[in-house]
Amino acid sequence: MIVFPYNDMFSSKIQNSKFKKCYFVKLNNERIKISHFPYWKKDILEQTPSKYTSYFNANHQNQLSIFLKSKFKDSSTLFFLENRLTPSKTNQADWLRWYVGFSGKKLNKGDSILLVEYSISNETNFPILIDSSTICKSILK
Amino acid sequence: MMMETTIHTGNYFRKSLFFIIFIEFSLFIFSGVSFQGLYQVPYFNFGIDTVYWLFFLLQIPQFIFSHQIVGLILDLSILLLLIYSVFIKENIIITWLLFILLMLYYVSLTATLGHRNYQTGFFIIIIPFLFSSPTNRKYAFEGIRYFYIFFYFSSGIFKIINYGIFEPSMMTTTLKQQFIPYFLESNLSWRTTLNLLLIKHWVASYILFCTTVALESFFVIGFFTKKWDHVLGILLIFFHFSNWIIMDISPIGQFSIIFYFLISNKFSSKVNG
Chain A
1423 MIVFPYNDMF SSKIQNSKFK KCYFVKLNNE RIKISHFPYW KKDILEQTPS KYTSYFNANH
1483 QNQLSIFLKS KFKDSSTLFF LENRLTPSKT NQADWLRWYV GFSGKKLNKG DSILLVEYSI
1543 SNETNFPILI DSSTICKSIL K
Chain B
117 MMMETTIHTG NYFRKSLFFI IFIEFSLFIF SGVSFQGLYQ VPYFNFGIDT VYWLFFLLQI
177 PQFIFSHQIV GLILDLSILL LLIYSVFIKE NIIITWLLFI LLMLYYVSLT ATLGHRNYQT
237 GFFIIIIPFL FSSPTNRKYA FEGIRYFYIF FYFSSGIFKI INYGIFEPSM MTTTLKQQFI
297 PYFLESNLSW RTTLNLLLIK HWVASYILFC TTVALESFFV IGFFTKKWDH VLGILLIFFH
357 FSNWIIMDIS PIGQFSIIFY FLISNKFSSK VNG
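Heads up: the protein sequence lines correspond to chains A and B, in order.
My numbering runs 1422 ahead of the 1-based position in the first sequence.
My numbering runs 116 ahead of the 1-based position in the second sequence.
As structure tokens, then:
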């Protein structure tokens, strides 16, 4: 329930702690910086790329869509619930555009926006970027 | 002689609490994540939680996300209703309205974020003021007090039963993961320097983690006595603000809960005096 959020946060050993995948957005091949923002804005800019990537990679389905499909067999009920409880099948360009706008950057015609997955190694005293791959891309028309 | 005013009906206490909620909400606005700041959010995500379902089934957050002016009106309304509650007088209808709006705000914000957040204090602390009867208000405060004592105490217990406390590298690993954006952006602020120092000195980090477990577990005392509530409030300040500095996890939405623990004991002693 709403009042019981995450009180087991940081309570167990992080699995596969030597490597981590994280997600960032690039505008015209430059990573959008987020660490200077106040906490809540930084948190949204930090968390939403990974959430959106999961949704994007699962063919525009999140965990709630999967749960609803497993529980409601009646197609009209399922349609009603999915329509209201899950985001509409968002065009990736819309999400990328929103993200850049939310970070305070101005967009111009021809700008390229990329959602990039970074592989980070935690084996040394500070994280090292070891690989990156593009999840999705949009060029502003 | 017993004072007529108790913590549950006291005007000074109510005004102070609503003023702190005003500060909390202003900080949300300052962070750029108020209702208006969430304009055009195209993707939201929440789990199996009927409170979220209720708001989203009615399409209220979706409507707010798609109309910037509605977001702006709601932000201003919350601020004005809080000002009214602090400076003019108590009104149960306005309190109900504030509670629903702030809960709607929490739902919209955390659905945008993609997961729930522990900062529920800024709307939960209003629950007692939804009742006009002093007895009901008193019981509601008791319920909230026990809930937060359980919340913090169980956080400490989870760190023991999930073996986190038996993992000396737990804190350094967490610190590295928390600060990935800082490192990738070559952010050379004092916070990054402190983070690097703690990563390098794992014993100091582990001691900090164990201190956190001890601090959270200490909340068990609240189940047996209220005399230590102000100490719990001081511990909460220490806990949340060190979390803010070291882990970059802010406690904005919990200020009112900290205030409640700090002051409840003081008020109780006045009442009995």
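Yeah, the Cβ is synthetic: ideal placement off N, Cα and C, and Gly gets one too.
A contact between stretches requires three or more CB pairs, one per stretch, nearer than 8 Å, and the stretch 1537-1552 of chain A meets this requirement with the stretch 1441-1451 of chain A. Secondary structure at Phe1446/A: strand, using DSSP grouped into helix, strand and coil.
Beyond the five residues adjoining it in sequence on each side, Ile265/B comes within less than 7 Å, by CB distance, of Phe335, Gly338, Phe339 in the same chain, given in chain order. Not flagged as an interface residue toward chain A: Gly338/B, since no C-beta distance is shorter than 8 Å. In the assembly as shown, Glu332/B is a buried residue. Its beta-carbon has 16 or more other beta-carbons within 10 Å. A contact is defined here as three or more CB-CB pairs under 8 Å, and the stretch 176-191 of chain B fails this definition with respect to the stretch 244-259 of chain B.
Closer than 9 Å at the C-beta level to chain A, one finds no residue of the stretch 179-201 of chain B.
Gly280/B has a beta carbon lying within less than 8 Å of a beta carbon in chain A. Against Glu1452/A, chain B offers no close residue; the least beta-carbon distance is about 11 Å (beta-carbon pairs closer than 7 Å). Nearest neighbour of Pro1509/A by Cα position, chosen from Tyr200/B, Ile216/B, Ser182/B, Ser201/B, turns out to be Ser182/B.
In this structure, DSSP gives Phe135/B a helical state, which the three-state scheme calls helix.
When only Cα atoms are considered, Thr289/B and Asp165/B end up about 31 Å apart.
In the structure shown, Tyr159/B falls within a coil segment according to DSSP collapsed to helix, strand and coil. Segment contact: the stretch 294-303 of chain B against the stretch 1451-1469 of chain A, three or more CB-CB distances shorter than 8 Å; contact assigned.
The straight-line gap separating the alpha-carbon atoms of Asn1513/A and Val167/B is approximately 27 Å.
Shown here for Ile241/B: same chain residues with a beta carbon closer than 8 Å to its own, the five before and five after excluded, namely Leu133, Ile137, Ile260, Ser372, Ile373, Tyr376 in chain order. Judged by DSSP secondary structure, Leu1536/A falls within the beta strand (DSSP E) whose first and last residues are 1534-1543. Contact between the stretch 308-315 of chain B and the stretch 1475-1484 of chain A is not established, with fewer than three Cβ pairs separated by less than 8 Å.
With the rule of 3 Cβ pairs closer than 8 Å, the stretch 319-330 of chain B does not count as touching the stretch 342-350 of chain B.
For Lys1491/A, same chain residues with a beta-carbon under 6 Å away, outside a window of 5 residues either side, do not exist.
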